[in-house]
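Top to bottom, those sequences are chains A and B.
If you're matching positions, the first sequence starts at 1103 in my numbering and goes up one per residue.
If you're matching positions, the second sequence starts at 1103 in my numbering and goes up one per residue.
2 protein chains.
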Amino acid sequence: MSANVNQPDPTRERLLLEAERLFATKGYAAVSVRQITAAAETNSAAINYHFGGKKNLYLEVFRQRWRPRAHSTMAKITPLLEADDLSVEKVIRTAIDALWKGPLSHDSQEFFLHGALIHRELHNRTEAWDILVEEAIVPFYDLLYRIFLRIDPTVQKAKVMLNCMSMFSQLVFFSHARPIAQQVMGQPPPEDVEAILADHITAFCLHGMNQTGDQP
Amino acid sequence: MSANVNQPDPTRERLLLEAERLFATKGYAAVSVRQITAAAETNSAAINYHFGGKKNLYLEVFRQRWRPRAHSTMAKITPLLEADDLSVEKVIRTAIDALWKGPLSHDSQEFFLHGALIHRELHNRTEAWDILVEEAIVPFYDLLYRIFLRIDPTVQKAKVMLNCMSMFSQLVFFSHARPIAQQVMGQPPPEDVEAILADHITAFCLHGMNQTGDQP
DNA sequence: GTCTATAGCAGGATAGAC
DNA sequence: GTCTATCCTGCTATAGAC
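Structural data, given as structure tokens:
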């Protein structure tokens, strides 16, 4: 009858939660353990007790909170390996759905932080980079390659990689540079910016990838 | 006959130089004034004397070093406003040349830092953000819009903006995520990765932008 | 396990000699 | 203008009471 049988340590969980939020929004160096412990409403020694230091806490954020979400995102794309009606457009739409409405979404605060952490590692690499590459980046692009191989068995791996990265780059850009988009396009923004952007990216990538050989 | 008539204050210049390098590579919070002054081979009080504090030094990096390069990049695209043989491809190639071989280039360390600073501001905004938006981002997209307007006077501004941002996103991604590209495409990388990426982006954007209305 | 107190150190900024 | 010495604040990490 205990309520927290599935919560092995609430304090530890709260620390991970707040740590992710702060690291993702401000960056590792700009956040102090005191800020995290204050946000998690515990004492300043808690991080050292539970994780053995600030650095280990950062890594644990990736292991405990980032990793499971990355896997669930992959799981949304994997079915395409056996889907019947496969097309370039369907792959693009599925990938955008999985990432854009998943890790890179603006609506879900949790997934926004997920994407922000990737970005920060991209520019300031730590040991967490290895986790990212091994468990998310390489498998993600490999999966997409195997899917595109089903559509066109003669496709070049390098070309697929480049195309997928072009798609990915737009997803991360528009998810994090939303303020730019609105500032440049001129205020006020409509409510359905998300859908407009998703449609734009889909169309842009569809044409960008469907280069029917007439290009030098 | 004095040699440094054009160098108003060598110490100040060295501080700006090293500050830009360190801020761009490590980020504002992760860099200490002691590191900067040590790199500039001066005393630890120099920053406060010359700039009045760490924060002002950061802003001065944008004013003194970032701004002129941004303007010279714009100058490379401006001639298209009056060019005779205008085409979508030419605009794309010119923009990629100006940015990719300019601010976002990997070859030129100076311009690499320039791009890195944009990226950091994108994710951790400070007062420098206003300089960026006013002097670079808005004018840049406005300029491209006016150029595309010459090609097709009926083009929608919002669509141009989105297309240009899609192009820009790939440029910044591939310039900073080069390690990912090589890691995902599999080692070893050829020497002309830069050219391959530039060609890919050009082709991808050309097709992505040339959506001839056959798209739902 | 939780918390307070504090050690030990590095940070930015400043005062004042030269 | 340059530098040293120093102040004070804030940091991480730890010791030890409870």
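Virtual Cβ for every residue (Gly too), placed ideally from N, Cα, C.
Could you tell me whether the Cβ atoms of residue i and residue j are closer together than 9 Å?
i	j	result
histidine 1319 (chain B)	serine 1268 (chain A)	Outside the displayed range of chain B (1103 to 1318) lies residue 1319 (chain B), so it cannot be described from this structure.
phenylalanine 1214 (chain B)	valine 1163 (chain B)	no
tryptophan 1168 (chain B)	histidine 1225 (chain B)	no
leucine 1251 (chain B)	valine 1257 (chain B)	yes
isoleucine 1179 (chain A)	leucine 1273 (chain A)	no
phenylalanine 1275 (chain B)	serine 1189 (chain A)	no
arginine 1116 (chain B)	alanine 1142 (chain B)	yes
alanine 1197 (chain A)	cysteine 1266 (chain A)	yes
tryptophan 1202 (chain A)	alanine 1300 (chain A)	yes
alanine 1123 (chain A)	leucine 1183 (chain A)	Here residue 1123 (chain A) is arginine; the residue named in the question, alanine, does not match the sequence. Not closer than 9 Å, so no.
histidine 1309 (chain B)	histidine 1309 (chain A)	yes
arginine 1165 (chain B)	isoleucine 1253 (chain B)	no
Tell me whether residue i sits in a helix, a strand or coil according to DSSP, three-state version.
i	result
alanine 1105 (chain B)	Because alanine 1105 (chain B) sits at a pLDDT of 44, beneath the cut-off of 50, its placement in the model cannot be relied upon, and the point is left open.
leucine 1299 (chain B)	helix
tyrosine 1130 (chain A)	coil
alanine 1279 (chain B)	coil
aspartate 1294 (chain A)	coil
glutamine 1258 (chain B)	coil
aspartate 1316 (chain B)	For aspartate 1316 (chain B), the predicted model reports a pLDDT of 43, less than 50, meaning its position is unreliable; a value from the coordinates is still stated below. Of the three classes helix, strand and coil, the one that applies to aspartate 1316 (chain B) here is coil, per DSSP.
asparagine 1265 (chain B)	helix
leucine 1117 (chain A)	helix
glutamate 1229 (chain A)	coil
aspartate 1111 (chain A)	coil
phenylalanine 1306 (chain A)	helix
leucine 1245 (chain A)	helix
glutamate 1223 (chain A)	helix
Contact check, residue i vs residue j under 8 Å by CB: the rounded distance?
i	j	result
isoleucine 1149 (chain A)	valine 1133 (chain A)	Their Cβ separation, rounded to whole angstroms, is 11 Å, which puts isoleucine 1149 (chain A) and valine 1133 (chain A) out of contact at 8 Å.
tyrosine 1160 (chain A)	alanine 1218 (chain A)	With 8 Å as the limit, tyrosine 1160 (chain A) and alanine 1218 (chain A) do not qualify as a contact, their Cβ atoms being about 13 Å apart.
tyrosine 1243 (chain B)	valine 1286 (chain A)	5 Å
Assess, as a yes-or-no matter, whether the region 1168 to 1187 of chain B is touched by the region 1235 to 1245 of chain B under the definition of 3 or more beta carbon pairs within less than 8 Å. Counting Cβ pairs under 8 Å, three or more are found: they touch.
With a threshold of 8 Å, are at least 3 pairs of Cβ atoms found where one atom belongs to the region 1146 to 1157 of chain B and the other to the region 1192 to 1206 of chain B? Flag = no, the region 1146 to 1157 of chain B and the region 1192 to 1206 of chain B do not touch.
I'd like the ranges of any alpha helix (DSSP H) spanning at least 4 consecutive residues and lying wholly in the region 1128 to 1215 of chain B. 1135 to 1141, 1148 to 1153, 1156 to 1163, 1169 to 1179, 1190 to 1202, all fully within the region 1128 to 1215 of chain B.
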